[in-house]
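J.: Chains as they are written, first to last, in our numbering: chain A, 3 to 308; chain B, 504 to 758; chain C, 270 to 649.
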Amino acid sequence: MPAIKAENIFKKYKKVQALDGVSLEVGEGEIFGIIGPDGAGKTTLFRIMTTLILADEGTATVNGFDVVKEYRSIRECVGYMPGRFSLYQDLTVEENLNFFATVFRTTVEENYELIKDIYVQIEPFKTRRAGALSGGMKQKLALCCALIHKPIVLFLDEPTTGVDPVSRKEFWNMLKRLKKQGIAILVSTPYMDEASLCDRIALIQNGQFLKTDTPQNIVNEFGTELWSVRSSQMSKLLKDLRNHEAVDTCFAFGDTHHITFKSEPPSEQELNDYLHALGHKYVYVRPIEANVEDCFMRLSGKTLQS
Amino acid sequence: MSKRDPIIMPDDTVILAKDLTKMYGEFTAVDHISFDIKKGEIFGFLGANGAGKTTAMRMLCGLSKSTSGQAWVAGYDINHQSEQIKKRIGYMSQKFALYEDLQVWENIRLYAGIYGVPEREIGTKTDELLHRLGFESEKFTLVKSLPLGWKQKLSFSVAIFHDPSIVFLDEPTGGVDPATRRQFWELIYQAADRGITVFVTTHYMDEAEYCDRVCIMVDGRIDALDSPGNLKKTYGAKNMDEVFHQLARGARRKA
Amino acid sequence: MENQKLLKARENWTFFMAFVRKEFHHIFRDKTSILILLVMPILMLVLFGYALNTEVKNSKIAVYDPSRDEVTRAMVEKLLINNYFILHKVLNSASEAEKAFQSGEVSMVIVFSDHFYENLLHGGYAQIQLLADGSDPNTANIITSYATNILSGYQMELMKTGKIPYLIKPEIKLLYNPSMVAAYNFVPGVMGMILLLICAMMTSVSITREKERGTMEVLLVSPMKPLYVILSKAVPYFFLSLVNLATILLIAYFIMHVPIAGSLFWLIMISLVYIFVCLTLGLLISTMVETQMAALIISAMGLMMPVMLMSGMMFPIENMPVYIRWISDVIPARWYIEAIRKLMIMGLSFSAIIQELSVLVGMGIVLIVISLRKFKIRLE
Numbered sequence: 003m004p005a006i007k008a009e010n011i012f013k014k015y016k017k018v019q020a021l022d023g024v025s026l027e028v029g030e031g032e033i034f035g036i037i038g039p040d041g042a043g044k045t046t047l048f049r050i051m052t053t054l055i056l057a058d059e060g061t062a063t064v065n066g067f068d069v070v071k072e073y074r075s076i077r078e079c080v081g082y083m084p085g086r087f088s089l090y091q092d093l094t095v096e097e098n099l100n101f102f103a104t105v106f107r108t109t110v111e112e113n114y115e116l117i118k119d120i121y122v123q124i125e126p127f128k129t130r131r132a133g134a135l136s137g138g139m140k141q142k143l144a145l146c147c148a149l150i151h152k153p154i155v156l157f158l159d160e161p162t163t164g165v166d167p168v169s170r171k172e173f174w175n176m177l178k179r180l181k182k183q184g185i186a187i188l189v190s191t192p193y194m195d196e197a198s199l200c201d202r203i204a205l206i207q208n209g210q211f212l213k214t215d216t217p218q219n220i221v222n223e224f225g226t227e228l229w230s231v232r233s234s235q236m237s238k239l240l241k242d243l244r245n246h247e248a249v250d251t252c253f254a255f256g257d258t259h260h261i262t263f264k265s266e267p268p269s270e271q272e273l274n275d276y277l278h279a280l281g282h283k284y285v286y287v288r289p290i291e292a293n294v295e296d297c298f299m300r301l302s303g304k305t306l307q308s
Numbered sequence: 504m505s506k507r508d509p510i511i512m513p514d515d516t517v518i519l520a521k522d523l524t525k526m527y528g529e530f531t532a533v534d535h536i537s538f539d540i541k542k543g544e545i546f547g548f549l550g551a552n553g554a555g556k557t558t559a560m561r562m563l564c565g566l567s568k569s570t571s572g573q574a575w576v577a578g579y580d581i582n583h584q585s586e587q588i589k590k591r592i593g594y595m596s597q598k599f600a601l602y603e604d605l606q607v608w609e610n611i612r613l614y615a616g617i618y619g620v621p622e623r624e625i626g627t628k629t630d631e632l633l634h635r636l637g638f639e640s641e642k643f644t645l646v647k648s649l650p651l652g653w654k655q656k657l658s659f660s661v662a663i664f665h666d667p668s669i670v671f672l673d674e675p676t677g678g679v680d681p682a683t684r685r686q687f688w689e690l691i692y693q694a695a696d697r698g699i700t701v702f703v704t705t706h707y708m709d710e711a712e713y714c715d716r717v718c719i720m721v722d723g724r725i726d727a728l729d730s731p732g733n734l735k736k737t738y739g740a741k742n743m744d745e746v747f748h749q750l751a752r753g754a755r756r757k758a
Numbered sequence: 270m271e272n273q274k275l276l277k278a279r280e281n282w283t284f285f286m287a288f289v290r291k292e293f294h295h296i297f298r299d300k301t302s303i304l305i306l307l308v309m310p311i312l313m314l315v316l317f318g319y320a321l322n323t324e325v326k327n328s329k330i331a332v333y334d335p336s337r338d339e340v341t342r343a344m345v346e347k348l349l350i351n352n353y354f355i356l357h358k359v360l361n362s363a364s365e366a367e368k369a370f371q372s373g374e375v376s377m378v379i380v381f382s383d384h385f386y387e388n389l390l391h392g393g394y395a396q397i398q399l400l401a402d403g404s405d406p407n408t409a410n411i412i413t414s415y416a417t418n419i420l421s422g423y424q425m426e427l428m429k430t431g432k433i434p435y436l437i438k439p440e441i442k443l444l445y446n447p448s449m450v451a452a453y454n455f456v457p458g459v460m461g462m463i464l465l466l467i468c469a470m471m472t473s474v475s476i477t478r479e480k481e482r483g484t485m486e487v488l489l490v491s492p493m494k495p496l497y498v499i500l501s502k503a504v505p506y507f508f509l510s511l512v513n514l515a516t517i518l519l520i521a522y523f524i525m526h527v528p529i530a531g532s533l534f535w536l537i538m539i540s541l542v543y544i545f546v547c548l549t550l551g552l553l554i555s556t557m558v559e560t561q562m563a564a565l566i567i568s569a570m571g572l573m574m575p576v577m578l579m580s581g582m583m584f585p586i587e588n589m590p591v592y593i594r595w596i597s598d599v600i601p602a603r604w605y606i607e608a609i610r611k612l613m614i615m616g617l618s619f620s621a622i623i624q625e626l627s628v629l630v631g632m633g634i635v636l637i638v639i640s641l642r643k644f645k646i647r648l649e
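1) Give, in chain order, every residue of the stretch 604-633 of chain B whose Cβ lies closer than 9 Å to some Cβ of chain A.
2) Output yes if chain C places a C-beta closer than 8 Å to the C-beta of Val80/A; else output no.
3) Just the Cα atoms here: how many angstroms apart are Glu641/B and Gln606/B?
4) For the candidate residues Lys568/B, Tyr594/B, Thr558/B and Lys521/B, whose alpha-carbon lies nearest to that of Ile669/B?
5) Are the beta-carbon atoms of Lys358/C and Ala401/C separated by less than 8 Å?
6) Give, in chain order, every residue of the stretch 190-219 of chain A whose Cβ lies closer than 8 Å to some Cβ of chain B.
7) In whole angstroms, give me the CA-to-CA distance for Lys589/B and Ala751/B.
8) With a floor of 4 residues, list each alpha helix (DSSP H) that falls wholly inside the stretch 219-285 of chain A, ordered by position along the chain.
9) Quick check: Ala144/A and Met83/A, are their CB atoms within less than 8 Å of each other?
10) What residues of chain C sit near Tyr602/B, judged by a beta carbon separation below 9 Å?
11) How do the stretch 624-632 of chain C and the stretch 539-551 of chain C stand: do at least 3 beta-carbon pairs fall below 8 Å, yes or no?
12) Does the beta carbon of Glu486/C sit closer than 8 Å to a beta carbon anywhere in chain A?
13) Which same chain residues end up closer than 8 Å to Asp514/B when comparing Cβ atoms and leaving out the 5 residues on each side of it in sequence?
14) Give, in chain order, every unbroken run of the alpha helix (DSSP H) that is at least 4 residues long and sits entirely within the stretch 73-141 of chain A.
15) Counting only Cβ pairs nearer than 9 Å, list the residues of chain A close to Gln655/B.
16) Between Ala559/B and chain A, is any beta-carbon pair separated by less than 8 Å?
17) Name, please, each residue of chain B whose Cβ falls closer than 8 Å to the Cβ of Ala254/A.
18) How about Ala653/C: is its C-beta nearer than 8 Å to some C-beta of chain B?
19) Tell me the residue span of the beta strand (DSSP E) that contains Ala401/C.
20) What residues in its chain sit with their C-beta under 8 Å from that of Tyr284/A, if we drop five residues either side in the sequence?
21) In angstroms with no decimal places, state the Cα-to-Cα distance between Val375/C and Phe297/C.
22) For Pro492/C, decide whether its Cβ has a neighbour in chain A, counting only Cβ atoms nearer than 8 Å.
23) Can Phe224/A be considered in contact with the ligand MN, in the sense that its beta carbon sits closer than 7 Å to one or more heavy atoms?
24) Using the DSSP secondary-structure output, state which residues sit across from Arg716/B in a beta bridge.
25) Apart from the five residues on each side of it in sequence, which residues of its chain come closer than 7 Å, Cβ to Cβ, to Val110/A?
26) With DSSP as the reference, label Met589/C as helix, strand or coil.
27) Looking at the structure shown, is Val325/C part of a helix, part of a strand, or coil, going by DSSP?
28) Could you check how far apart the C-beta atoms of Asn10/A and Gly60/A are, in whole angstroms? I think they sit under 8 Å.
29) Compare the C-alpha of Ser640/C against each of Ser362/C, Asn361/C and Leu500/C and name the closest.
30) Here's a check: name, in chain order, each residue in its chain whose Cβ is nearer than 8 Å to the Cβ of Lys442/C, leaving out the five neighbours to either side.
31) Show which residues of chain B have a CB atom less than 9 Å away from the CB atom of Pro39/A.
32) State yes or no: is the beta carbon of Arg642/C nearer than 8 Å to at least one beta carbon in chain A?
33) How is the beta strand (DSSP E) around Ala62/A delimited, first residue to last?
34) Measure the Cβ-Cβ separation of Asn454/C and Pro495/C and say whether it is below 8 Å.
35) Spatial neighbours of Leu566/B within its chain, please: C-beta separation below 7 Å, excluding the five flanking residues on both sides.
36) Step through the CB atoms of chain A and report whether any lies within less than 8 Å of the CB of Gly483/C.
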């Protein structure tokens, strides 16, 4: 029996179809990531799974309990971190932790082992008011509060948004340790690079799952050649590549552009020459492996409006 | 030299900073930073939250006075000629961009007026802008009904409506889907092509890759300043994230 | 040079107008501000100019007239002519006056002495006494001045035609508040207001603050019954209002010398009922709004204002047009303030406040049922 299961969830808000037939399954000790931008439906899905709102259609269970009929049982055994670090800003670190422990009918001592690794980082500040902590610290405290009652399932809705990169990395390391304890984790994030840290991921856009699989499989299924191209004039390069007859899509990826082809790619030399002829210097062309973001771009099939 | 005259800056430099410092009481927010930025450059200011990026940017925009050190923007001294600076720059922040209860064209006209674009030009330039963004059908839509990505693009376009020489972007992207983020950066590229210098602060390391040069701030100091490519070589890193990690390990301002 | 200055001026003007235009947009596109700027002034004008006023009309009076001679009868008729007063009861003895007040039937009692006209003609002892309910000194003042004016006016006429030799000034006596201390009037009012403020406003703000912050979400996804979360919010305010109640009573009694003439026990009892009603009002408001601002505004506009204007605290209820009186009847504070007045100043006991008590208890029950129904175990 999967720890988390959702089947064909539909949810509409006013005119917007927030969730459009979404299904997933998460097993014990699995980190399942929902990757997608703001407004794609991630938070809505979380709220349905944590029994906070009702779906229009579809069923879902957490730990075998139905989210509609047996919501009380679910609320006793899950940990939930909604976005925005829902902590009591005017209570101290200690007070927040004690409060949430009590709410879940336990004490800090009982499950201290579980949160120890995380808590020692914020322990020096335990008498500081939560509102005075930095983003990374708040996030760690929020995680402790969500874990203090040893939940079987953890729901983390965009836990790393707005947090500096160093803390983000530490956070994911903590998740990996928790996973070893058998806790099932459903986490959402807009960061594509965090996708590769999950066991399985679902790419979500406009309320639909574009694909659900392990990060590696998704990348393997990219299905076409991907080249990275660089030159001295990146902006002009974008236009010129898009104008090339063989090029299908061309997206900016920081210091290079990634291009795909309509059918057979030309040779690297051909492309080099083409670009040199147009005045580009320091041209650098090479085929590369796709990453999750490339897959997302391809699957979401966005056409640009330049 | 009259209060209104700019200094002549070397080559194509548009921003020049020398030992720029900002202190709040005992606390040093910005610690003697120096750099120069050339015309048409896309210059990234990276760092964790609290590293001092926003403070530095506010000084350059003339929004806050420096404690010591000097800087010139578009030839004007930030401490004594800030009014001149404000006329020649554009500014966009993530937190506040546009008035949600005004329509798209109303926002454009408002900012055009604020930046002193002559009345007779506003109409044509507005239509041009809407055409370039593909927003013509949304001319009369209230901004609050636009998706986040569109708001950002509109925000940026409004910030450069008056053809400033420099545009300052304070953490301009966040939470948008990869495609929209790209479209946004393509707008930035186009602006840079037109000769507008883009000064952008961010804590998203992947955005650093879009910049011509970046500087990384840690605890108020500039710990690295170079092109992303060179930085990766220097630190033997695969991407900017790793570069940042190596620098940030020594950071004290974490809690 | 001139041209440049002109150009600059024009520029500045354009700047300025751009902002002005934007400000108008903000105002007109926001429903709340339109409500406040356009609807409220009209409302206030109607209320103050028309519905609420300190003019007192149609006050019910009782008369004790042992003489029943032509002058006294004429005087009573004169009082009744202009509809300021309505004769509610004719008393058979002066002692019935107190009962008439206690039952709330009349606002003023007129007592004529025996053999009035005779005594007046022969220079003997002729007296008119105006008794009014001093627990509401405002109204009492107004009514007695009207009566005095009317009576003196009539007497002047008689004197001119030679029918009576001299004037008699009516003696004014305020029951329950002989020295006409204004505090008697506003202490009950303040009690009603403060308890409403603490219980309704603060409770609703506290609950919505939790919602706004997002911590409510986390609490809901926990074993805690949502109801406990809400009740825990009400408890501190309950105790604080008790403290406030005690403080107000102490200050009123010892410093302002407002009497607690009636049963202290029932005073506290009805206060507890009222506090309960206010807490449930707060709860109800919190189920209807999502933000603290909205809770504040509804509490202020929807609760405090009506209480101030229509509970009888400032303006006498008797004079309000019927439709406003209906609103007044629905305001819990009105019943509470009435009961407090009776208990504290008139010194009455349980039997006099049965109506107020039952109304408040009824309101409490209705409100708690509605609030519990509306209370959600989920976010929507």
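Ideal placement from N, C-alpha and C gives every residue a C-beta, glycine not left out.
T.: Per the coordinate set shown:
1) Residues passing the 9 Å Cβ filter: none.
2) yes
3) Near 9 Å, if we compare the C-alpha coordinates of Gln606/B and Glu641/B.
4) Tyr594/B
5) no
6) Pro192, Met194, Asp195 and Gln207
7) 33 Å
8) Correct list: 236-245 and 270-279.
9) yes
10) Lys291, His294 and His295
11) yes
12) With 8 Å as the cut-off, Glu486/C counts as an interface residue toward chain A.
13) Closer than 8 Å at Cβ, skipping near neighbours: Lys541.
14) 73-79, 95-105 and 114-124
15) Those do not exist, as Gln655/B stays about 11 Å from chain A at its closest Cβ, beyond 9 Å.
16) no
17) Arg685, Trp688, Glu689, Tyr692 and Tyr713
18) This structure cannot speak to residue 653/C, because chain C is shown only from 270 to 649.
19) Ile397 to Asp402
20) Arg232, Ser233 and Ser234
21) 50 Å
22) yes
23) With respect to the ligand MN, the structure offers nothing, as it holds no ligand at all.
24) Phe546/B
25) Leu99, Asn100, Ala103 and Ile150
26) coil
27) coil
28) Correct: roughly 4 Å between the Cβ atoms.
29) The shortest Cα separation from Ser640/C among Ser362/C, Asn361/C and Leu500/C belongs to Leu500/C.
30) Gln398, Leu399, Leu400 and Ala401
31) Near Pro39/A (Cβ distances below 9 Å), the residues of chain B are Leu651, Gly652, Gly678, Val679, Asp680, Pro681, Ala682, Thr683 and Arg684.
32) no
33) Glu59 to Val64
34) no
35) none
36) It does; some Cβ of chain A falls within 8 Å.
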